[in-house]
Every structure is written in C-alpha cells, then in structure tokens.
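Reviewing the structure listed below.
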Amino acid sequence: MQSHVVREHACIPDDQNIMICIAMGYPDDSFVANSVKSVREDNASFVRYVGFDETEKTA
Amino acid sequence: MQYSQLIKARKSIRGYLQKPVPRDVIDAIIEVAKWAPSSMNTQPWHVHVVTGAPLDRIRKGNTDNMVAGVPPKRDFPMKESYEGLHRRRQIDVAVQLFDAMEIARDDKARRTDWVMRGFRQFDAPVSLVLTYDKYLEPAAISQFDLGAFSHAIVLAALGTRSGLRHQRTGHHAVACGARACLHSR
C-alpha cells in the first residue's frame, strides 16, 4: 500500500489512520488463482491446554 | 450456509468480473459485519467505500509509485519481512499461486506483473478502506478490532451467496480479495 495515495484519492481525513484496503467484487471463476486455497497447521502445532488433566482427576 | 462452512469456504479472490457492486449490497454486508466484537464496544472503525474514478486514480498512483521505486508506505509501523515458519508459510502460498498461474520462478516479467496486480487491488470494482482515529495510537487493540471487523466483512460478503438478493438477481456471491496490503510488499 502507498497510504498517501489512498489518502489523497479516497479523501481520508487527516485524523484517521488507514489500516487496510479490502478488494470487493464478484469473483471471476475463470481466473485460475481464485481456485487456490491456503492450508492450515494442525491444532497440535499451536495449541496447548492448561489445567485440563487436573479437572479430569477431580471430576 | 453454516458458520463453520462459511469460514472454511472463504478464500482470497484475486481476479474479479468487471461488474459493479450495487451500493445496497455493500451496505447490507457492512450492516452484518458491524456486529463484530470490539474492545469495550468502542467500534473504532470507519469504512470508506471507493469505486469508479477515485479507485482508478488509487491504482494508477500505487502503480506509478512502485514503478518509480517508492517503498510501500503504511500509517503505522510494520515488520519489514517475515522469518522462520512465517516466512515458510508465506513462500508456500506464493508457490501455490505461481503454480496455479503457471508463472515460472525465473519469469521476472510475469512475477512483477503479479505483484503489480496486488497494487491495483486485483482490479476489483470496489475497495473498502478501513481506518481508525489517529488519537488511538498506539492502537494495537483497535487494529485487532479492525481485524475482527475485516473478517466479518469478508464472511458477510461470501454469505450473500445464499441471500435472497443473490437468488433474485442471479448475482455471484460478492467476494473479497486478499487484503491488498498483504500483497504490497
């Protein structure tokens, strides 16, 4: 992003910061990159559970 | 569509039909998305919905700046590059995209063209510029809130697929791009 370009042409007030621009429209299904689906990691690689064993013991 | 289906069905759209999105469709999407949570219900977002000539001027301005070698500029500090696992994931999805587009590693012209598409916001007919008030800086919490709002917008847009309006008009679902900034580096 060139935030000063967006600011100028979209007339963004000086007292606001631009976070993001979200493109929106109807998808062109013939555009092959639109078929790309990104992947996700297994929960085990980024999740840890704390205190659950104790709960099970006291239950 | 169930929420679990909707969230898994969402994907980044990088090619759009040259067909305008009616203002009432966009307004209905925002009407839903604004129910996203925010810190202390501050709802710190503003949405500037841009189309037509002003959006074309943004595309041209972004392109001209990039061609002239002006580094991308943001309104807040941001990490220049990802490392380690994050970098690997960034590369993995780029490989998926280049494979799909059949862009070879050494094809500099097409790789550059691909990057420039991002700066043109994928030639989408509409751009939603999300902002927050400057006085909120350091604004990590408000930026977090705008993230939740962004996700709500893209899901609400995708959800229009099953809406009455869609069935009546025969429109495709409204879809949202990869957020343009992610492709601007």
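Residue numbers (our numbering), protein chains in the order written: chain A, 7 to 65; chain B, 2 to 186.
Just so you know, even glycine gets a beta-carbon here, dropped at the ideal spot from N, CA and C.
Looking at the structure shown, is LEU147 (chain B) part of a helix, part of a strand, or coil, going by DSSP?
Residue state, collapsed to three classes: helix.
If you draw a straight line from the alpha carbon of PRO72 (chain B) to that of GLN8 (chain A), how long is it in whole angstroms?
Cα to Cα, PRO72 (chain B) sits roughly 8 angstroms from GLN8 (chain A).
Are three or more beta carbon pairs between the segment 105-120 of chain B and the segment 23-31 of chain B nearer than 8 angstroms?
No contact exists between the segment 105-120 of chain B and the segment 23-31 of chain B.
Specify whether the segment 130-142 of chain B and the segment 46-54 of chain B touch according to this definition: at least 3 beta carbon pairs, one from each stretch, less than 8 angstroms apart.
The segment 130-142 of chain B vs the segment 46-54 of chain B: in contact.
Closest by CA to VAL68 (chain B), which one among B:ALA101, B:MET117, B:HIS87?
Here the closest residue by C-alpha is B:MET117.
Where are the alpha helix (DSSP H) runs, 4 residues long or more, that stay fully inside the segment 108-149 of chain B, in chain order?
Counting only runs of 4 or more, we get 109-120.
Measure the CB-CB distance between ALA39 (chain A) and ARG15 (chain B) and report whether it falls below 7 angstroms.
Cβ distance < 7 angstroms, so ALA39 (chain A) and ARG15 (chain B) count as in contact.
Following the continuous beta strand (DSSP E) through ASN66 (chain B), name the residue where it begins and the one where it ends.
Counting along the chain, ASN66 (chain B) falls outside any beta strand (DSSP E), though it belongs to the alpha helix (DSSP H) covering 53-68.
Are PRO21 (chain B) and PRO126 (chain B) touching if we call contact CB-CB under 7 angstroms?
Yes, the Cβ-Cβ distance between PRO21 (chain B) and PRO126 (chain B) is below 7 angstroms.
From the DSSP secondary-structure annotation, give me the bridge partner or partners of GLN3 (chain B).
DSSP, once it has assigned bridges, lists no residue as partnering GLN3 (chain B).
In the structure shown, what three-state DSSP assignment does LYS80 (chain B) receive?
Looking at LYS80 (chain B) - three-state DSSP - the assignment turns out to be coil, as it is neither helix nor strand.
Give the secondary structure of ALA29 (chain A) by DSSP, where H, G and I count as helix, E and B as strand, and everything else as coil.
Reduced to three states, the DSSP call for ALA29 (chain A) is strand.
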